[in-house]
Amino acid sequence: MENILAQAKKVAEEAEAFLVSSEETTAQFEANRLKHIQSKQSTSLALRIVRQGRLGYATTTELNDIQSLVDNAVATARFGMPARFELPSPATYPRIDVFDPDIESTSAEKMIELGEELIAIVAEHTPDILCEALVTKGVISFQIINSRGGQA
């Protein structure tokens, strides 16, 4: 991410880069049966700049094409709102534990089992009902870094 900031700083007064990675698995049930299970992953990169006092912004999923990301942020800065703030300097923030490793390690088989158990409970109560259900797990990570040394 430092290389993105270095490239952006050549054309802008300030820059901030965001990296977001996610992985999600969903087990979908329809009419009391497993319809499908799907996993998907994504990673995206965003760049916010202040150029000539105006905000520019661009995003990409092409992590190897940093120059296009910078060029697109510069192009949007021509029309951007005036930047009436400064990006944050380095600071220490308390750690907040929001990650449960048990979720990440939950297998697809366990997700299917959970869905089947939920449907069985409902069907026991109301035998003629046809249930739909989703069992989903997701892990998202964020990284933010800026040209003033701030990061999270």
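Heads up: the sequence shown at position 44 corresponds to 44 in full-length UniProt numbering, and the numbers run straight through without jumps.
Cβ coordinates follow ideal geometry from the N, Cα and C atoms, glycine included.
These figures come from a predicted structure and were not determined experimentally.
Residue range of the unbroken beta strand (DSSP E) whose run includes residue i
i: Leu-134; result: 133-146
Those residues which DSSP pairs with residue i across a bridge
i: Arg-95; result: None; Arg-95 has no bridge partner.
i: Glu-104; result: Beta-bridge pairing links Glu-104 to no other residue.
i: Arg-51; result: Arg-54
i: Ile-37; result: Ala-27
i: Glu-16; result: Arg-48, Asn-146
i: Ser-42; result: Ser-22
i: Pro-82; result: Arg-54
i: Thr-59; result: Ala-46
Beta carbon of residue i nearer than 8 Å to that of residue j
i: Leu-130; j: Ala-46; result: no
i: Ala-91; j: Gly-115; result: no
i: Pro-88; j: Arg-148; result: yes
i: Lys-35; j: Gln-28; result: yes
i: Ile-37; j: Ala-120; result: no
i: Val-50; j: Glu-14; result: yes
i: Gly-150; j: Ser-22; result: no
Span separating the alpha-carbon of residue i from that of residue j
i: Asp-12; j: Gln-52; result: Sequence check: residue 12 is Ala here, not Asp. Cα to Cα, the separation comes out at about 7 Å.
i: Glu-24; j: Phe-99; result: 14 Å
i: Lys-110; j: Lys-9; result: 48 Å
i: Phe-18; j: Gly-80; result: 19 Å
i: Phe-142; j: Val-20; result: 5 Å
i: Gln-67; j: Gln-7; result: 8 Å
i: Arg-78; j: Ile-140; result: 32 Å
i: Glu-117; j: Glu-62; result: 41 Å
i: Asp-128; j: Pro-101; result: 38 Å
i: Arg-54; j: Pro-82; result: 4 Å
i: Arg-33; j: Val-122; result: 13 Å
i: Pro-94; j: Glu-124; result: 47 Å
i: Val-135; j: Ile-96; result: 26 Å
Range covered by the alpha helix (DSSP H) that runs through residue i
i: Leu-63; result: Careful: Leu-63 lies outside any alpha helix (DSSP H) and carries neither H nor E.
i: Leu-130; result: Counting along the chain, Leu-130 falls outside any alpha helix (DSSP H), and DSSP gives it neither H nor E.
i: Lys-9; result: 2-9
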